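Residue numbers (my numbering), protein chains in the order written: chain U, 1 to 468; chain S, 1001 to 1468.
Protein chains: 2
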Amino acid sequence: MTRSAAIIGGGVIGGGWAARFALMGWNVRIFDPDPQAERKLGEVMANARRSLPMLYDRDMPAEGTITFHNTIAEVVEGVAWVQESVPERLEVKHKVFAEIQAHLDPEAVIGSSTSGFKPSELQAGAKDPTQIVVTHPFNPVYLLPLVELVPGDTHDPRAVDWAREVMTEIGMYPLQVRAEIDAHIADRFLEAVWREALWLVKDGIATTEEIDNAIRYGFGLRWAQMGLFETYRVAGGEAGMKHFMAQFGPALEWPWTKLMDVPEFNDELVDLIAGQSDDQSGHLTIRELERLRDDNLVAMMRALKQQDAAAGALLNAHQRGMRQPLGDAVPLVTVRRTVPVDWTDYNGHMNESRYGQVFSDAADALMIHVGCDETYIANGNSYFTAETHVKYLAETHAGDAFDVASRVLIGEGKKLKAYHEMRTPAGEIIATCEQFMLHVNLTTRKSCPPLPEVLARVEALAAAHKDA
Amino acid sequence: MTRSAAIIGGGVIGGGWAARFALMGWNVRIFDPDPQAERKLGEVMANARRSLPMLYDRDMPAEGTITFHNTIAEVVEGVAWVQESVPERLEVKHKVFAEIQAHLDPEAVIGSSTSGFKPSELQAGAKDPTQIVVTHPFNPVYLLPLVELVPGDTHDPRAVDWAREVMTEIGMYPLQVRAEIDAHIADRFLEAVWREALWLVKDGIATTEEIDNAIRYGFGLRWAQMGLFETYRVAGGEAGMKHFMAQFGPALEWPWTKLMDVPEFNDELVDLIAGQSDDQSGHLTIRELERLRDDNLVAMMRALKQQDAAAGALLNAHQRGMRQPLGDAVPLVTVRRTVPVDWTDYNGHMNESRYGQVFSDAADALMIHVGCDETYIANGNSYFTAETHVKYLAETHAGDAFDVASRVLIGEGKKLKAYHEMRTPAGEIIATCEQFMLHVNLTTRKSCPPLPEVLARVEALAAAHKDA
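1) Alpha carbon to alpha carbon, how far is U/ILE72 from U/VAL96? Give it in angstroms, no decimals.
2) For a minimum of 4 consecutive residues, which ranges assigned as the alpha helix (DSSP H) are wholly contained in the region 1265 to 1292 of chain S?
3) So what does S/VAL1408 bridge to, in DSSP terms?
4) Leaving aside the five residues before and after S/LEU1052 along the sequence, list all residues of the same chain whose C-beta is less than 6 angstroms from its C-beta, in chain order.
5) Which of helix, strand or coil does DSSP assign to U/GLN319?
6) Measure the CB-CB distance between S/ASP1032 and S/GLY1009 and report whether it falls below 8 angstroms.
7) Under a Cβ-count criterion, where at least 16 other Cβ atoms within 10 Å of its own Cβ denotes burial, should U/ASN351 be classed as buried or exposed?
8) Along the chain, where does the beta strand (DSSP E) containing U/HIS184 start, and where does it finish?
9) With 8 angstroms as the threshold, decide whether the Cβ of S/GLN1319 is near any Cβ in chain U.
10) Can U/VAL335 and U/VAL358 be called in contact, C-beta distance under 8 angstroms?
11) So, are the CB atoms of U/LEU455 and U/ALA386 less than 8 angstroms apart?
12) By the three-class DSSP mapping on this structure, what secondary structure does U/ARG39 have?
13) Provide the residue(s) that pair with U/PRO469 in DSSP beta bridges, ordered along the chain.
14) Residues in the same chain with beta-carbon distance under 6 angstroms from S/LYS1417, minus the five sequence neighbours each way, listed in chain order, please.
15) Does U/GLY14 have its Cβ less than 8 angstroms from a Cβ in chain S?
16) Could you name the residues of the region 386 to 416 of chain U whose beta carbon sits closer than 9 angstroms to any beta carbon of chain S, in the order they occur along the chain?
17) Are the C-beta atoms of U/LEU228 and some chain S residue less than 8 angstroms apart?
18) Tell me the DSSP secondary structure of S/ASN1441 in three-state form.
19) Under 8 angstroms between C-beta atoms, does S/GLU1210 make it to chain U?
20) Please list, in chain order, the chain U residues whose beta carbon lies closer than 9 angstroms to that of S/ILE1273.
21) Use the C-beta contact count for S/LEU1090: other C-beta atoms within 10 angstroms, 16 or more gives buried, fewer gives exposed.
22) In chain order, what residues of the same chain lie with their CB nearer than 7 angstroms to the CB of S/ALA1311, ignoring the 5 residues before and after it?
23) For S/SER1120, name the three-state secondary structure that DSSP assigns.
24) From which residue to which residue does the alpha helix (DSSP H) around U/PHE97 run?
25) Taking all protein chains shown into account, do 16 or more other C-beta atoms lie within 10 angstroms of the C-beta of U/THR231, making it buried, or fewer, making it exposed?
26) Of the residues S/VAL1458, S/ARG1293 and S/GLY1356, which one's Cα is nearest the Cα of S/LEU1366?
27) Give me the Cα-Cα distance between S/ILE1377 and U/LYS391, rounded to the nearest whole angstrom.
28) Does U/LEU149 get closer than 8 angstroms to chain S when you measure Cβ to Cβ?
29) Compare the C-alpha of S/ASN1213 against each of U/LEU314, U/ALA163 and U/LEU297 and name the closest.
30) Considering only their Cβ atoms, is the gap separating U/ILE132 from U/SER112 smaller than 8 angstroms?
31) Please determine, among U/TYR173, U/GLU209 and U/ARG291, the residue with the shortest C-alpha to C-alpha distance to S/VAL1177.
32) Find the residues of chain S that neighbour U/TYR173, judging by a C-beta separation of less than 8 angstroms, and give them in chain order.
33) For U/LEU326 and chain S, any beta-carbon pair shorter than 8 angstroms?
34) Compare the beta carbon distance of U/PHE21 and U/ILE170 with 8 angstroms and say whether it is the shorter of the two.
35) Whole angstroms is fine: what's the gap from S/ASN1139's alpha carbon to U/GLY237's?
36) Drop a sphere of 10 angstroms on the beta-carbon of U/THR2, count the other beta-carbons inside from all chains shown, and report buried for 16 or more, exposed for fewer.
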């Protein structure tokens, strides 16, 4: 049965949660008294529907239903998870928790998106404190995998296990924080950098755009894939981490930063920052900026995925759980997905070169279907493609859904010939591919017949497909 | 004439500079009294030769010569740029500058890689203070584009212009800092984050690995492409930057960080950090970690390049300056490059799908050659590929060089048929492609003949190539 999550507060963060749950196949029930809530969620969903599926090279789960409800009592009915993203005011959160707990299934868990409060503060006075944990996400919630899971001292291990399971199932990385602390982990860094940045702008050392460039052309790229300590371990070189620390340690004593000094937060500072930000990005609407951000994140995360590193390794692990057996239909449907943004070109349509990707993925699915899987390859056998013949019949664009219908036309000895049709959801053929493959021994790099069990499956497919 | 740069100090940073200059076609002269200098540089060069060319989809300049010299007097002979990367001790730097300036061409400029000193401190007591500027890079210097250019109050605009020109030519982004300040810009942020991270580890809130994950699965991905302020502008949503600041402003008063408190930097803290770092990454050597870092950076920067965003937009701008006319040889050499790391698959060789990229790039070069360039396309005309036939004849791997020889076999009216051979440097054919293209009107999306000047060039190529 499809599970349901209740989303309390449907702003940028709550909306991001709603999108992630729904696109991962959960039914989503939303409570937000804002009369604009439905319109705002629609905009977040439009961004998320376009970008989240691009992170995966698989068919996504069927999207869950999204419903709006007028009371907390109603919205939490039958849900397995509640995500609270109301404003950061403790008395508001306490009131909301009390109302939730008056109606919620005792087995369900409440995750709070709070960035500033500790679980003990949230739990104070609750009917069941152990039902409340911090699950602090990062914007855009539908793309970034990090969620800080802070159970606090008073917790029920079963609730924490459930939180980990739910977060992992919807593609997030629950980083369990060992001890509760103001602002958890990541926001302490963001706060430190924010303060320093305000000083640099206020003192006229750098503009907002110059600071952004100082980050994104330099250490931002390092941090996106290795973080802080592993980057420094590498910087230490052969002499190692201790050597690096010995070099960098004394710098701690230097008065480089004005970190605990708080710049006076007045209209003048706000106008200065907002004005510079307008100069930098004012030619783009927030919607356009969101689209650029999401496209960049998708492209970088897909690049890391191809390296099986950092956030990309998380995606690969999540994706492995999504693979469905192909079944026995003729033709086999080997690919079912949308066109990701990194596949399009200056003509605005899917680049010629990416059709090769589509048909290569179709061949991979076919390979696994016949038993030429990771283990088979690790044991020194594989199929190599010798020749392909692609016909480009119609255009397709970023975000468009398609599938690939595949047939085995020849399966004899070391030879395999496949025929693929890439199709729109309406059945129009976008492109076709004839693919000639040879089975090879990966040690000798010479062609040879497949092992008997693979050969038997290839022959069976060829027999079933050739006249169909 | 090939220009020369002198590299004073050939460690991780100096070696990275040497690699970037040499791979961008400069001759490099190195002075480093370390008897291991040549071996160490060889290791940096091996990493750089593999990864830097992967950032570009073009033929690279011929690599400059690298020579080692025993004195500063000798190393600066005839050079147009000196890059100083000696240890961060002011008296050492002053001594090195005096020796350099006793022998250096007055038109050349000295850039210092210092992360901590201000230009006025470096310039104090120099024969010509205006010849010295700060050009502070980020590791790995051969991949990351950021260089902080700090001229200081006493500067010669011609020296600053030359610094900008040299840095841009070797593919870097010179961020000119408006006023000198301890640690320039980026390292102030790094210092703030480093302090906070040491506290979190010391207090047992998080391990080094947990902190790295908190960065790379969350805000690290945001910062790699938009930096700090543009990210927050987006987070502010429709209400804009002022609204965001009003929300976040009060947090400045909260005691979230322990930023100016300095943790006691003793053996216990060093052992704690180094031990956790060993647990996290000790199964990999520094060389292996460097390789992973470089592969990840290349893959992410190539992803941003495809989006023409952030560091990828810098690469595209730099690459545009590298395009050479194809000339009149038969066949035309349309592609000359190495296989980037994001093109390989689990079999360890260039993935089937990327051959489509190679031949699509070859077609793009051919298009520009016949006058179907950005302007032509912007005016509503282009060629679309209708059919390709690829034969895969030999394997190729990440870092391997190759070229593509292209012929126009048919060029009549709206039809164009090209034939491409992808070849190793030794001339072995890796793959071939027959490509059928149709000229289209981008408004009607229907085929039509090209404009007369393009048609004339296509016909001339077909006549020259068909019997050759």
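Built from N, CA and C at the ideal position, the CB exists for glycine as well. Being a predicted model, the structure only gives us computed values, none of them experimental.
According to the structure shown:
1) On the first sequence, position 96 is the one that residue 96 of chain U refers to. On the first sequence, position 72 is the one that residue 72 of chain U refers to. In this structure, the alpha-carbon of U/VAL96 lies about 8 angstroms from that of U/ILE72.
2) Those alpha helix (DSSP H) runs which fall completely within the region 1265 to 1292 of chain S and span 4+ residues are 1267 to 1281.
3) Along the second sequence, read from residue 1 onward, the residue named residue 1408 of chain S stands at position 408. Answer by DSSP bridge pairing, in chain order: S/ALA1418.
4) To locate residue 1052 of chain S, count along the second sequence from 1; it is residue 52. Closer than 6 angstroms at Cβ, skipping near neighbours: LEU1023 and TYR1142.
5) Here residue 319 of chain U corresponds to residue number 319 of the first sequence, with the count starting at 1. Note: U/GLN319 maps to helix in three-state DSSP.
6) What you label residue 1032 of chain S is simply residue 32 of the second sequence in a count that begins at 1. What you label residue 1009 of chain S is simply residue 9 of the second sequence in a count that begins at 1. Their beta carbons are under 8 angstroms apart, which means S/ASP1032 touches S/GLY1009 by this criterion.
7) In the first sequence, the residue the question calls residue 351 of chain U occupies position 351. U/ASN351 is buried by the Cβ-count criterion.
8) For the purposes of this step, residue 184 of chain U is identified with residue 184 of the first sequence, where counting begins at 1. Neither: U/HIS184 is in no beta strand (DSSP E) and is coded neither H nor E.
9) Mapped onto the second sequence, residue 1319 of chain S falls at position 319. Between S/GLN1319 and chain U, the shortest Cβ-Cβ separation is not below 8 angstroms.
10) Numbered from 1 along the first sequence, position 335 holds the residue referred to as residue 335 of chain U. Numbered from 1 along the first sequence, position 358 holds the residue referred to as residue 358 of chain U. If you check the CB distance, U/VAL335 and U/VAL358 come in under 8 angstroms.
11) By 1-based counting over the first sequence, the position of residue 455 of chain U is 455. By 1-based counting over the first sequence, the position of residue 386 of chain U is 386. Contact: no.
12) For the purposes of this step, residue 39 of chain U is identified with residue 39 of the first sequence, where counting begins at 1. U/ARG39 falls in the helix class under three-state DSSP.
13) Beyond the ends of chain U as shown, which are 1 and 468, falls residue 469 of chain U; an answer cannot be given.
14) Locating residue 1417 of chain S in the second sequence gives position 417, where the first residue counts as 1. Result list for S/LYS1417: LEU1409, ILE1410 and PHE1436, in chain order.
15) Here the question's residue 14 of chain U lines up with position 14 in the first sequence. Judged by the 8 angstroms Cβ criterion, U/GLY14 is not in contact with chain S.
16) If the cut-off is 9 angstroms between Cβ atoms, the region 386 to 416 of chain U has ALA386, GLU387, THR388, HIS389, VAL390, LYS391, TYR392, LEU393 and GLU395 near chain S.
17) Indexing the first sequence from 1 puts residue 228 of chain U at position 228. Output row for U/LEU228: interface = yes.
18) Here residue 1441 of chain S corresponds to residue number 441 of the second sequence, with the count starting at 1. DSSP places S/ASN1441 in strand when its eight states are reduced to three.
19) Walking along the second sequence from the start, residue 1210 of chain S turns up at place 210. At least one chain U Cβ lies under 8 angstroms of S/GLU1210.
20) Looking up residue 1273 of chain S in the second sequence gives position 273. Those are PHE229, MET241, LYS242 and MET245, listed as they occur along chain U.
21) Counting from 1 along the second sequence, the entry for residue 1090 of chain S is found at position 90. Looking at its Cβ environment, which holds fewer than 16 other Cβ atoms inside 10 Å, S/LEU1090 is exposed.
22) Your numbering for residue 1311 of chain S matches position 311 in the second sequence. Excluding sequence neighbours, S/ALA1311 sits near PRO1145, MET1301 and LEU1304.
23) Within the second sequence, numbered from 1, the residue matching residue 1120 of chain S stands at position 120. Note: S/SER1120 maps to helix in three-state DSSP.
24) In the first sequence, counting from the first residue as 1, residue 97 of chain U sits at position 97. For U/PHE97, the enclosing alpha helix (DSSP H) begins and ends at 90 to 101.
25) By one-based count along the first sequence, residue 231 of chain U stands at place 231. Around the beta-carbon of U/THR231, 16 or more other beta-carbon atoms lie within 10 Å, marking it buried.
26) Here the question's residue 1366 of chain S lines up with position 366 in the second sequence. For S/LEU1366, the closest of S/VAL1458, S/ARG1293 and S/GLY1356 by C-alpha to C-alpha distance is S/VAL1458.
27) Locating residue 1377 of chain S in the second sequence gives position 377, counting from the first residue. Locating residue 391 of chain U in the first sequence gives position 391, counting from the first residue. Spanning the two alpha carbons is a distance of roughly 23 angstroms.
28) Here residue 149 of chain U refers to the residue found at position 149 when the first sequence is read from its first residue. For U/LEU149, the answer is no, since every Cβ of chain S falls outside 8 angstroms of its Cβ.
29) For the purposes of this step, residue 1213 of chain S is identified with residue 213 of the second sequence, where counting begins at 1. Answer by Cα proximity: U/LEU314.
30) As a first step, residue 112 of chain U must be located in the first sequence, where it is residue number 112. As a first step, residue 132 of chain U must be located in the first sequence, where it is residue number 132. Yes, they are a contact pair.
31) In the second sequence, counting from the first residue as 1, residue 1177 of chain S sits at position 177. Among U/TYR173, U/GLU209 and U/ARG291, the Cα nearest to that of S/VAL1177 is on U/GLU209.
32) Position 173 of the first sequence holds residue 173 of chain U. Chain S residues near U/TYR173: ASN1213 and TYR1217.
33) In the first sequence, residue 326 of chain U corresponds to position 326, counting from 1. Closer than 8 angstroms: no.
34) Sequence index remark: in the first sequence, residue 21 of chain U carries index 21 (1-based). Sequence index remark: in the first sequence, residue 170 of chain U carries index 170 (1-based). Yes, these two residues count as a Cβ contact at 8 angstroms.
35) Sequence index remark: in the second sequence, residue 1139 of chain S carries index 139 (1-based). Sequence index remark: in the first sequence, residue 237 of chain U carries index 237 (1-based). Going from the Cα of S/ASN1139 to the Cα of U/GLY237 covers about 11 angstroms.
36) Translated into positions along the first sequence, residue 2 of chain U becomes position 2. U/THR2 is exposed by the Cβ-count criterion.
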